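Student: Under this note's numbering, the sequence shown has 60 at position 60, and the numbering climbs by one with no breaks. All C-beta atoms, glycine included, are put in the ideal place defined by N, C-alpha and C. All of these numbers come straight from a predicted model, not from anything done at the bench. Here it is: the structure, laid out below.
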Amino acid sequence: MTGWIKQLNDYDQRSFSWCNHRYQALAQRKLVRWISHSGDGYLYALLALLLALLQTQTQLQYALWLGFALEVPLFCLLKRYYKRPRPYQAKPALKAVIIAHDPFSFPSGHTTAAFLMAALLTWTWPSWSWLFYAWAVAVGSSRVLLGVHYPGDILAGIGLGSMIAIGVIACVS
1 MTGWIKQLND
11 YDQRSFSWCN
21 HRYQALAQRK
31 LVRWISHSGD
41 GYLYALLALL
51 LALLQTQTQL
61 QYALWLGFAL
71 EVPLFCLLKR
81 YYKRPRPYQA
91 KPALKAVIIA
101 HDPFSFPSGH
111 TTAAFLMAAL
121 LTWTWPSWSW
131 LFYAWAVAVG
141 SSRVLLGVHY
151 PGDILAGIGL
161 GSMIAIGVIA
171 CVS
């Protein structure tokens, strides 16, 4: 590993350890799990289905379908390329509250999807942007607190989800 990448990795691991330790003392564990599960993907499909049934916001419908058609394969390809083990796999002494479906952590798929969703919803309803982005930040943060991602995975997910949203909005506008 080159010097600066090693430094980033060391910082990422220290940040994760700090967050993981804080979670062990956190009283709102159920809330953190619920927030994480809100980013599992069911919410996205439900919104797209609801918009289709109501026959409203067709531009947002197209953006959602296109966005997630791009997001899922992209984050899966990046995970397979980087093959970064999850924190609880890299250091078994660290505690994971949940076990993720796949073995790789970089980038965070939950965070990628949450920021894609937040950006697309903000594009449609800008006055609610504070709520959409607060939720997206909460989803990303919950993944670190639950022990399945490093902070750097979350930052990569924020960047990837935001870039996909920018591209999708440009395509459907």
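Quick check: residue 115 and residue 79, are their CB atoms within less than 8 Å of each other?
Tutor: no
Student: Between which two residues does the alpha helix (DSSP H) holding residue 139 run?
Tutor: 129–145
Student: Grouping DSSP H, G and I as helix and E and B as strand, with all else coil, what is residue 16?
Tutor: helix
Student: Could you tell me which residues DSSP puts in a beta bridge with residue 104?
Tutor: Paired residues: 85.
Student: Between the Cα of residue 150 and the Cα atoms of 109, 58, 15, 126, which residue gives the shortest distance?
Tutor: 15
Student: By the three-class DSSP mapping on this structure, what secondary structure does residue 109 have?
Tutor: Under the three-state reduction of DSSP output, residue 109 falls in the helix class.
Student: Should residue 64 and residue 120 be called a contact, given that it needs their Cβ atoms to be closer than 8 Å?
Tutor: yes
Student: Roughly how many angstroms lie between the CA atoms of residue 123 and residue 164, to the nearest whole one?
Tutor: 13 Å
Student: Short of 6 Å in beta carbon distance, which residues of its chain neighbour residue 110, apart from the five on each side in sequence? Order them along the chain.
Tutor: Within the same chain, Cβ atoms closer than 6 Å to the Cβ of residue 110 are found at 39, 139, 143, the five residues on either side in sequence being excluded.
Student: Would you grab the beta carbon distance between residue 146 and residue 36 for me? Rounded to a whole angstrom, and I think it's under 8 Å.
Tutor: Taking 8 Å as the upper bound for CB-CB distance, residue 146 and residue 36 are in contact here, some 6 Å apart.
Student: Distance, Cα to Cα, residue 97 vs residue 128?
Tutor: 31 Å
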